[in-house]
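Student: This is the structure I have questions about; it appears just below.
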Amino acid sequence: MPSPTLTDRLALRERPAGRPLMHQEWGDLLFMHWPVPAELIQALLPPRLEVDVHDGMAWLAVVPFRMWDVRSRVTPPVPGVREFLELNVRTYVHLDGVPGVWFFSLDASNPLAVWAARTFFHLPYFRAQLKLERPAADELHYVGHRVHNGAPEGHFAATWRVGAVLPPSEPGSLAFFLTERYCLYAAGGMGPGHGDKLYRGRIAHTSWPLHAVELLNYNSDLVEGHGLPTPTSAPILHAGGHVSVDLWRLRRV
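According to our numbering, the sequence shown is numbered sequentially starting from 65.
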């Protein structure tokens, strides 16, 4: 299956038609990316999805962030799910020329949000105890561990210092490939093989306001929990500022 063209990638920046299903605010985010041989990632994907590569390499990411003002666009507000922390392990894929994100896991601090995402969005969410602190005005410390019944253990701790604002990502650049993502994929079924149904969901937001980052410490076993080797190289780092996000209903593809 041919890789998406730059035109395909830029087209996804356009806001989808129709009414979005949900609204969220995202911020206090850290992108940590490592290059991985494409065949290692491909072996973990469901049928039909192809690993998305940049300069011949697949990319694995660990992304902690804060989410707030979480609300449905089509139903009354649900108490208790307006704000929480999330931590995901992800890679990048494509199907029929449409690039997107594939999540290996998403840990969240809100049990109701975890239940809803697993039930209605086919996403591998897990309950976790997560905490975000600010040791200094420009520093964030994020720590947590998974507490989901029956799920593999997972631990994460990182402290980073947010630096200067970076120029907008140039289309075709590595930063653009890693951070400009407006589509997600999910599979129906949480067991081996991920089920036989694939879903695609669109999201819309302005381009990420990216900052330089200094990683002060990092310790995690989340990557290894998915059968992938421990990253040995220094990660590619970007801090993400605040974006307002709309999400559309997942459609079967």
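Using N, Cα and C, we set each Cβ at its ideal position, and we do this for glycine too.
DSSP three-state call for A303: helix, strand or coil?
Tutor: As a first step, residue 303 is located in the sequence shown; it is residue number 239 there, counting from the start. Reduced to three states, the DSSP call for A303 is strand.
Student: Since P273 and V229 should fall inside the 8 Å C-beta cutoff, what is the C-beta to C-beta distance between them, to a whole number of angstroms?
Tutor: Here residue 273 corresponds to residue number 209 of the sequence shown, with the count starting at 1. Here residue 229 corresponds to residue number 165 of the sequence shown, with the count starting at 1. Right, their Cβ atoms sit about 7 Å apart.
Student: What do you get for S173, buried or exposed, if any count of 16 or more other CB atoms within 10 angstroms of its CB means buried?
Tutor: Position 109 of the sequence shown holds residue 173. Buried.
Student: Could you give the distance in angstroms between the alpha-carbon of W123 and the alpha-carbon of L248?
Tutor: Stepping through the sequence shown from its first residue, residue 123 is reached at position 59. Stepping through the sequence shown from its first residue, residue 248 is reached at position 184. C-alpha separation (whole angstroms): 15 Å.
Student: Which same chain residues, not among the five before or five after V277, have their C-beta less than 8 Å away from its C-beta?
Tutor: Stepping through the sequence shown from its first residue, residue 277 is reached at position 213. L94, W224, R225, V226, G227, L301, H302 and A303.
Student: For L311, does the count of other Cβ atoms within 10 angstroms reach 16, so buried, or fall short, so exposed?
Tutor: Residue 311 sits at position 247 when you count from the first residue of the sequence shown. When all chains shown are included, L311 counts as buried.
Student: Answer yes or no: do W132 and E89 have a C-beta to C-beta separation smaller than 7 Å?
Tutor: Locating residue 132 in the sequence shown gives position 68, counting from the first residue. Locating residue 89 in the sequence shown gives position 25, counting from the first residue. Result yes, Cβ atoms of W132 and E89 sit closer than 7 Å.
Student: Please classify T183: does DSSP put it in a helix, a strand, or coil?
Tutor: Numbered from its first residue, the sequence shown carries residue 183 at position 119. Residue state, collapsed to three classes: helix.
Student: Compare the beta carbon distance of V145 and V134 with 7 Å and say whether it is the shorter of the two.
Tutor: One-based indexing of the sequence shown puts residue 145 at position 81. One-based indexing of the sequence shown puts residue 134 at position 70. In this structure, V134 lies closer than 7 Å to V145 by Cβ.
Student: DSSP three-state call for L286: helix, strand or coil?
Tutor: Position 222 of the sequence shown, counting from 1, holds the residue named residue 286. The answer is coil: DSSP assigns L286 none of H, G, I, E or B.
Student: How is V317 classed by DSSP in three states: helix, strand or coil?
Tutor: Position 253 of the sequence shown, counting from 1, holds the residue named residue 317. Note: V317 maps to coil in three-state DSSP.
Student: So what does DSSP say about R210, is it helix, strand or coil?
Tutor: Counting from 1 along the sequence shown, the entry for residue 210 is found at position 146. Correct three-state label for R210: strand.
Student: Once DSSP output is grouped into helix, strand and coil, what is the label at V178?
Tutor: Locating residue 178 in the sequence shown gives position 114, counting from the first residue. In the structure shown, V178 sits in a helix (DSSP, three-state: H, G or I).
Student: The ligand NAP and F220: does any heavy atom of the ligand fall closer than 6 Å to the residue's C-beta?
Tutor: The ligand NAP is absent from the structure shown, which contains no ligands of any kind.
Student: Write down every uninterrupted run of the alpha helix (DSSP H) in the segment 208-248 whose length is 4 residues or greater and which is fully enclosed by it, in chain order.
Tutor: Listed in chain order, the complete alpha helix (DSSP H) runs (minimum 4 residues) inside the segment 208-248 are 238-243.
Student: Out of E217, A221 and Y189, point me to the one whose CA is closest to A283's CA.
Tutor: Position 219 of the sequence shown holds residue 283. According to the sequence displayed, residue 283 carries Asn and not Ala. Considering only alpha carbons, the answer is A221.
Student: Given a threshold of 16 other Cβ atoms within 10 Å of its Cβ, counted over all protein chains shown, does L286 qualify as buried or as exposed?
Tutor: In the sequence shown, the residue the question calls residue 286 occupies position 222. L286 should be labelled buried.
Student: Within its chain, find whatever has a CB closer than 7 Å to the CB of H269; leave out the 5 residues flanking it on each side and keep chain order.
Tutor: Here residue 269 refers to the residue found at position 205 of the sequence shown. Excluding positions up to five away in sequence, the list reads V307, S308 and V309.
Student: With three or more beta-carbon pairs closer than 8 Å as the criterion, would you say the segment 111-121 touches the segment 152-166?
Tutor: They touch, by the three-pair rule.
Student: Can you name the residues that DSSP bridges to I267?
Tutor: As a position in the sequence shown, residue 267 is number 203, starting the count at 1. Beta-bridge pairing links I267 to L311.
Student: Thinking C-beta only, is F190 closer than 7 Å to R210?
Tutor: As a working mapping, residue 210 is identified with position 146 in the sequence shown. As a working mapping, residue 190 is identified with position 126 in the sequence shown. Going by C-beta atoms, R210 is nearer than 7 Å to F190.
Student: Please say whether L85 and R313 have beta carbons closer to each other than 7 Å?
Tutor: Taking the first residue of the sequence shown as 1, we reach residue 313 at position 249. Taking the first residue of the sequence shown as 1, we reach residue 85 at position 21. For R313 and L85, yes; Cβs fall inside 7 Å.
Student: So R154 is in the beta strand (DSSP E); what residue range does that whole segment cover?
Tutor: Along the sequence shown, read from residue 1 onward, the residue named residue 154 stands at position 90. Looking at the DSSP string, the run of the beta strand (DSSP E) that includes R154 is F148 to L159.
Student: Quick one: measure Cβ to Cβ for Y263 and R182, integer angstroms, because I've assumed they're closer than 8 Å.
Tutor: One-based indexing of the sequence shown puts residue 263 at position 199. One-based indexing of the sequence shown puts residue 182 at position 118. At roughly 13 Å, the Cβ-Cβ gap does not stay under 8 Å, so Y263 and R182 are not in contact.
Student: M96: buried (16+ other C-beta within 10 angstroms of its C-beta) or exposed?
Tutor: The count along the sequence shown starts at 1 and reaches residue 96 at position 32. By the 10 Å Cβ count, M96 comes out buried.
Student: Which residues does DSSP pair with V100 in a beta bridge?
Tutor: Along the sequence shown, read from residue 1 onward, the residue named residue 100 stands at position 36. Answer by DSSP bridge pairing, in chain order: A122.
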